Every structure is written in structure tokens, then in C-alpha cells.
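With our numbering applied, the sequence shown has no gaps in its numbers, which climb one by one up to 874 at the end.
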Amino acid sequence: MLGFVAPLVLGALAALGIPVLIHLIQREKKRVVVFPSLMFLRRIPYQSVRRRRIRHWALLVLRLAALALIVAAFARPFFRRDALAAATQQGAREVAILVDTSYSMGYGSRWTRAQAAARDAINRVSAADRASLVFFASNAEVAVRSTSDRGRLTSALAAASVGPGATRFAPALKAAGSILAESPLPRREVILISDFQRRGWEQTPGRDDVRLPDKTTVTPVSVGDAASSNLSVTPVSLQRTRFETQDRITVTAGVANHSPSAANVAVALDVNGQRIQSLPAAVEPNGSTSVTFAPFTVATRNMRATVRLPPDALLRDNLFHFVVSPGEPVRTVVVGRPGAAREGLYLMRALSIGDAPRVDATERTSETVSDADLRAAGVVILNDVPVADALADRLARFVTAGGGLLFSSGPHAAWPVRVDILPGAPGAIIDRTSGAPLRLGALEYSHPVFELFRAPRSGDFSAARFYGYRGVDTPVATVLARYDDGAPALMERKVGEGRVLLWTSTIDLGWNDLPLKPVFLPFVHTALRYLADYAEPPTSLVVGQVVAAPRASRVAGPAHGAVMALAPSGARSTIGAEDGAIELSEQGFYEVRIQGAGAESATVLASNVDLSESDLTPMDPRELIAAVIGRPATGPNGFAEPRPTDEAQAQAQRLWWYLLVAGGLLLAAETLLSNRLSGVS
194 MLGFVAPLVL GALAALGIPV LIHLIQREKK RVVVFPSLMF LRRIPYQSVR
244 RRRIRHWALL VLRLAALALI VAAFARPFFR RDALAAATQQ GAREVAILVD
294 TSYSMGYGSR WTRAQAAARD AINRVSAADR ASLVFFASNA EVAVRSTSDR
344 GRLTSALAAA SVGPGATRFA PALKAAGSIL AESPLPRREV ILISDFQRRG
394 WEQTPGRDDV RLPDKTTVTP VSVGDAASSN LSVTPVSLQR TRFETQDRIT
444 VTAGVANHSP SAANVAVALD VNGQRIQSLP AAVEPNGSTS VTFAPFTVAT
494 RNMRATVRLP PDALLRDNLF HFVVSPGEPV RTVVVGRPGA AREGLYLMRA
544 LSIGDAPRVD ATERTSETVS DADLRAAGVV ILNDVPVADA LADRLARFVT
594 AGGGLLFSSG PHAAWPVRVD ILPGAPGAII DRTSGAPLRL GALEYSHPVF
644 ELFRAPRSGD FSAARFYGYR GVDTPVATVL ARYDDGAPAL MERKVGEGRV
694 LLWTSTIDLG WNDLPLKPVF LPFVHTALRY LADYAEPPTS LVVGQVVAAP
744 RASRVAGPAH GAVMALAPSG ARSTIGAEDG AIELSEQGFY EVRIQGAGAE
794 SATVLASNVD LSESDLTPMD PRELIAAVIG RPATGPNGFA EPRPTDEAQA
844 QAQRLWWYLL VAGGLLLAAE TLLSNRLSGV S
């Protein structure tokens, strides 16, 4: 479409007809001249007409055309084009092609459409352009960086596939911004190919920090569907019960319906590859429901279980994997004095209650504690006992290797000074039996031992009364709790891989009435969990999580072999001895074990897709682009770059220069023709 920078100048074209009109209608006025005699004058024929006629049409056309071209040149004409077409004449491009590979792109034919759109973008890359191909889901991967080789780009696109990740736009846009910021080319463009899930932008961490370089053109290409329906399995709920010596698990699974129509579907439970039960479920439009399967016995470690739905247009969220194992008890050795079993009564009762974790407590005296007891134990509790040098050395090795030690320094407690693992040496006895009893004052509620009691009405330690405690000589550790006189009540020290807690009073009714208070039971269990470094084994995880290697694998040393992780696809990787972490990049079951060890050392992790991706509700791409570049997107295709101005397009095309040259040539031709016609006349 033709446009003009100064269209008012075209009004001068109307003036071209004025001379012609005057020439046609002008009549020569008669002027009477009185002359005395005509005998000496030569007679010349004279023609009188009412209107003149145009005799040299070619000359007139040349003159009018030349003037019209000159007038048009001053009007600055140009051909109107859209932003993309106008941009092609402004120099080489640096193009970042961002392709969404999240698992929602596996819905229907979305991935096929995305590949076609990416190929079209690659085919438009000229020899002067450079393009980068970035695949993104939860994270971004730059597959090909800044090249004009369309073959490399096409090959990388052909090798790509939809993965198990969720849509997160920010990492991809940040990668594109980094590529474009380093480019010396005059034009920068981002082509974003996605189904534009709303949750992919709303749940993107750091989205407010995404900014692209100035004058970057963003072209969104949506491959989503106008209407979609999807069913997904929600995370399961597990209820564990103990029957005789075995654990039984009851599984409750949920089904979410992301569509405007009701659905009836069969929900199945598989355990170790065997179908346990299938139940019908009726789900309301845009609603959810749940089914509860019959309980099954957890007979072995690492039982792999899956809740399944029938296949639909989006397959990955029709499965939910989880792992169940028999409850692993925290093996604890309680060391007391011979003949003083009653002093450990409240402690042993507290340890016998609860199943998260279940505690397997063994009572010993300082003379009967064996090396086998220490090898099997995760925690040792010294309940007001004197410790000999030999036992102290063994306990020091136990703690350094990762064990937990709780030392209760009652009136009979003693510890050899040369074995330096306690937070402080037990000192003098402070007797408060006369006068007002002490109470616990300052507690470190941010510490895991007391974090459970941080909320209001979750436990009152100040209700307990203390009638005696041991002072601490040369304290070298952190104080977690103090009496109201400022003296330490609970101290912590980390030694090697293990932890030591020093309780400066008794764990019975000898010096305090804490065992009679409601906080005693949860306090004992939180202290035990902390000393054992106990964490409830996760039954399921999410793709993209980086998780610590299980404790069973971290004990591997040079003598036991490397710690290996086997992914669901069969890929093997070695877990670093220092970081001990693994990134879950696939959906399914991971197996982590010590290389060369038996199955008893293995730990199985269940990895599931992020179920927020199951909601296929799209967003307007222009909302995303406006947030990224700081101004609204325009145009039918949502181009973020505004249409080039008329002045810019006219300057780029320079049509006025060609019109001036053409007008000058016509004037030269008119001059030659006029001279020739004048000579003939």
C-alpha cells in the first residue's frame, strides 16, 4: 500500500491543470488601431477562433508528467509494510528461537505444530543473519548458539522432543536476552513458540527480572488449541498402619478434571508391576474426586507403586508414581547405671510411643555396651552415667562417623576431659531444692529441637520446675536453652559427621518434673530426630528437584565403590562424594545404590511431573510480551515491536530520489522536443 510522508503537498497537482485551462479558453482581445492608409501594408491571412486547440499533445504530457513527478517526490512516497516486512530492509538480524518442550506440548498435535513453526523461522534466516535455538521447560537449554547454518539449526530441532518438565518462561527469556545483548548485529528478534499456559508465567520465579535489550522484536507463535480437556492424577495420600510386625498402606488417590464436561474414568493401582485394584471415579466438570484403595502389606523395601488413568490426549499426567518401604526405626541405645532402671522409666516410655519415626530402644549399662550395639545404633543416650575412658573413645568414634549422642549430666554423670566431644565438661552441682525452683527461660525456637514449639499454645516449657543442675566448665558450643538464672540447660556441638547434645539436668524426676509435662514426649522425639539426622523418606518427588542422595548411598567410600544413580531411561550417573545430590530430569523411578553392593543398599526415588502443567488454560501472548518489554504488544500476531514510522520507511526506501531523477529526465526530454517543434514552426 502506497503512503506519503507529506500528503498535503499532493494538492499542488491540482495546479497543473490551470495553465492548460487558461490556454484553452483564452481569446485574444481585439484592439482597434487607427491607420491613415493600408496601401503600403502586406496582407497576411488571419484566423479567428472562439477557443484555442492543443496541437502538441506529446509536449504537454511531458511537461505535466515531469511536474507531477517532482510534486510527488516532495510528498515523500513509500510502500506501507508490516513491522516484520519493514524490518527486513534494516540490516542483519540476531534471532533467538525459543521452543517450548514442556510436557503440555505433547497434547494432541501441539509439538508437530511447534516444530513446523520453528522450521519456518529457521528458513527465514538469511546468510547475513544469525540464529540461536533454545529449548525450554522448567529450565532453558541453548541447543545452537548464534549461527547462520540452517542445517545445524534444523538438525537440532529434529533431535528435540517433548520432555517431562513444566512451562517456565523466565529462564528462556533470560537466555534470549543474554544472547541478544552480546550480538553486534543491528536488529534483534525473539520468536517464542509455545502453547502459552497461564500458569507457566504466573508461577515463574524471577519473572519480574526478565528484560530484553532495547528495540527487540518479540514474535509470539501460539500452537495451543482453542478448546482442550484433560484428566490428571493428583498426589496420593498414604495412611500407614501396623499389623503385628508388618506395615500396611492405604492409598487415597485423586483425579482432577480440567474440562467443562463431566467424566467417568477407571483409576487403577499397580504395585511392583502387578495390578492391585481398579476403581471407578465420576468427576464433575472442572472438579475433582478421590478414590481409596484397599490396604496392602509393605513386605519389602522400595516397593514401586503407580496410580494410573486410561490414556488421553495428554499422557504424562495420567500416572503418579510413589515408593513405599517398611518403616525404618531409629535404633537407640540407652545407657544407664546398673540397678537404676527406674531412672530411665519415663525416657523409655516416651521412646516407645510414636511411629514417625518408630524407635527401637535397647537398654545397656556402661559395662555392657558392645561395639555391635554402636554399629547398629543411630543414637546413644547416656542417662546420668559415669563414662570410662575406653567407652568415651568408642563414643567419640561413633559420633565422628555420624552418630548422635545425648548426654544427661545428673549427679552421677562424669566424662573424661581428654576426650573432647562434649559441648562442655560437667561441672559443679547447683542445688535449688531450697527457695524458688528454676524454670526454663530462653529457648532457641529456630533450632530443629524446639521449632515444633514455636507457634503459640504448642507447648509450654516454662511450666517445668528444676531443683538442680550441673554447671558447665569451659563451654565450647551453642546454647539452645537456658534456665531463668542464665545458666545453660541444653547445649549442642557438632563433631565430625555427628551431633552431641548436653542436657545439664536429669531426664527423670530426680532434679525436675519435666517428664510430667505435656512437652516431654515431643521434646524427646524432636531431640532424637535431630541427633539421628532423621527425615521422613519422601514417597514421591517432582521432576526438576535436586535432592540429596539417600543416607544409604552416602556411606559409600573408596572401599565400597562409587554411588551410582540409574535413571528411568537407563542412563547412569555418578553422584559426587561431596555434594551427594541428584537432579531428577525424567519421569519414573530412579535407583540409587553403591556400585558393586547388593540390593539392600539401594534406594528408589519416584519422580513425577509437575501437576500444575495439567491445567491447559492459555494466556494472551500479548500479556506476557507486555510484561517483558514494558509496553503493550500490538498487531494481529502480537508483535511487540511497534510498526515503523512513515518517516523511517520513506527514508529506508528512498522512492523520492528516484521520482526526482525521473522528473528531471522528463524535463530534459521536454526541452529537446520543444526546441525541435519550435524550429519546425
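Built from N, CA and C at the ideal position, the CB exists for glycine as well.
Quick caveat, the model's predicted, so the values are computed rather than measured.
What does DSSP give as the partner residues of residue i in its beta bridges?
i      : result
Gln467 : Val464
His605 : Looking at the DSSP assignment, His605 forms no beta bridge with any residue, so it has no partner.
Ile290 : Leu326 and Ile384
Trp696 : Ser601 and Leu683
Tyr783 : Leu798
Nearest-angstrom Cα distance between residue i and residue j?
i      : j      : result
Val572 : Val592 : 9 Å
Asp813 : Val642 : 49 Å
Val578 : Arg611 : 17 Å
Ala607 : Asp706 : 23 Å
Gly520 : Lys710 : 28 Å
Arg269 : Leu234 : 59 Å
Val448 : Asp510 : 10 Å
Pro504 : Arg765 : 29 Å
Ser483 : Trp394 : 29 Å
Ala368 : Ala333 : 7 Å
Arg273 : Gly196 : 6 Å
Leu291 : Gly399 : 18 Å
Arg338 : Arg317 : 17 Å
Glu556 : Leu714 : 18 Å
Leu817 : Leu346 : 26 Å
Phe832 : Val383 : Bear in mind that the predicted position of Phe832 carries a pLDDT of just 40, short of 50, making it unreliable; the figure below should be weighed with that in mind. Rounded to whole angstroms, Phe832 to Val383 spans 10 Å at the Cα level.
Thr580 : Ser559 : First, the residue type needs correcting, since residue 580 is Val and not Thr in the sequence shown. Distance between the alpha carbons of Val580 and Ser559: 7 Å.
Tyr660 : Arg590 : 34 Å
Ala570 : Leu350 : 54 Å
Thr397 : Ile787 : 36 Å
Arg435 : Thr445 : 18 Å
Thr410 : Asp808 : 29 Å
Leu472 : Glu685 : 52 Å
Val225 : Arg847 : 58 Å
Suppose the cutoff is 7 Å on Cβ atoms and the five residues either side in sequence are ignored; what does the same chain contact list for residue i look like?
i      : result
Thr281 : Since pLDDT at Thr281 reaches only 47, below the 50 mark, its modelled position is unreliable, and no value is offered.
Gly480 : Asn450
Val335 : Ser325, Val327 and Ala368
Arg501 : Ala461, Asp463, Asn511 and Leu512
Distance cutoff 9 Å, beta carbons only. Does residue i sit that close to anything in chain D?
i      : result
Asn801 : Among the protein chains of the structure shown there is no chain D, as only one such chain exists.
Apart from the five residues just before and just after residue i, which ones in its own chain have a Cβ nearer than 8 Å to its Cβ?
i      : result
Ser655 : Arg632, Leu633 and Gly634
Leu957 : Outside the displayed span of the chain (194 to 874) sits residue 957, for which this structure offers no information.
Leu853 : Leu262, Ile263 and Ala266
His514 : Arg497, Ala498, Thr499, Ser733, Gln780, Gly781, Phe782, Ala799, Ser800 and Asn801
Ala506 : Tyr300, Gly301, Ser421, Ser422 and Asn423
Gly737 : Ser331, Asn332, Gly358, Ala359, Glu776, Leu777, Ser778 and Asp803
Starting from residue i, follow the beta strand (DSSP E) in both directions and report where the run begins and ends.
i      : result
Leu631 : Note, Leu631: premise wrong, no beta strand (DSSP E); not H, not E.
Val739 : Val739 to Ala741
Ala618 : Ala618 to Asp624
Thr360 : First-last for Thr360: undefined, no H or E at that position.
Leu875 : Missing from the structure shown is residue 875; the chain here goes from 194 to 874 and no further.
Ile775 : Ala774 to Glu776
Glu395 : It is not in any beta strand (DSSP E) - Glu395 instead sits in the alpha helix (DSSP H) that spans Arg391 to Glu395.
Phe267 : Where Phe267 is concerned, there is no enclosing beta strand (DSSP E), although the alpha helix (DSSP H) it sits in stretches over Trp250 to Phe267.
Can you give me the Cβ contacts of residue i inside the same chain, cut-off strictly under 6 Å, excluding the 5 residues immediately before and after it?
i      : result
Glu784 : Leu759, Ala795 and Val797
Ser602 : Pro619, Arg663 and Thr697
Gln432 : Thr443
Leu859 : Leu255, Ala258 and Ala259
Gly356 : Thr294 and Ala330
Leu203 : Ala268
Ala543 : Leu714 and Val717
Glu287 : Arg323, Leu373, Ser376, Leu378 and Arg381
Asn830 : Residue confidence for Asn830 is low, a pLDDT of 38 falling below 50, so the modelled location carries little weight and cannot support an answer.
Arg526 : The residue you asked about is not Arg; residue 526 is Val in the sequence shown. The answer, listed in chain order, is Thr555, Arg557, Asp566, Ala570 and Val573.
Val739 : Ala774 and Glu776
Name the two residues that bound the continuous alpha helix (DSSP H) containing residue i.
i      : result
Met541 : Leu538 to Ser545
Arg815 : Pro814 to Ile822
Leu588 : Asp582 to Thr593
Leu575 : Segment Val572 to Asn576 is the beta strand (DSSP E) holding Leu575; no alpha helix (DSSP H) there.
Leu195 : From DSSP, Leu195 is part of no alpha helix (DSSP H) but of the beta strand (DSSP E) over Leu195 to Phe197.
Ile768 : Unbroken run through Ile768: none, as it is neither H nor E.
Arg611 : Arg611 -> no alpha helix (DSSP H), and no H or E assigned at all.
query: Quick one: complete beta strand (DSSP E) runs, 3+ long, within the region 480-565?
result: 481-485, 489-491, 496-501, 512-517, 523-529 and 552-558
field: Sequence ranges, beta strand (DSSP E) only - wholly within the region 293-354, length at least 3
entry: 323-329 and 333-340
message: If we require 3 or more residues per run, which beta strand (DSSP E) segments fall completely within the region 412-462?
response: 424-436 and 439-450
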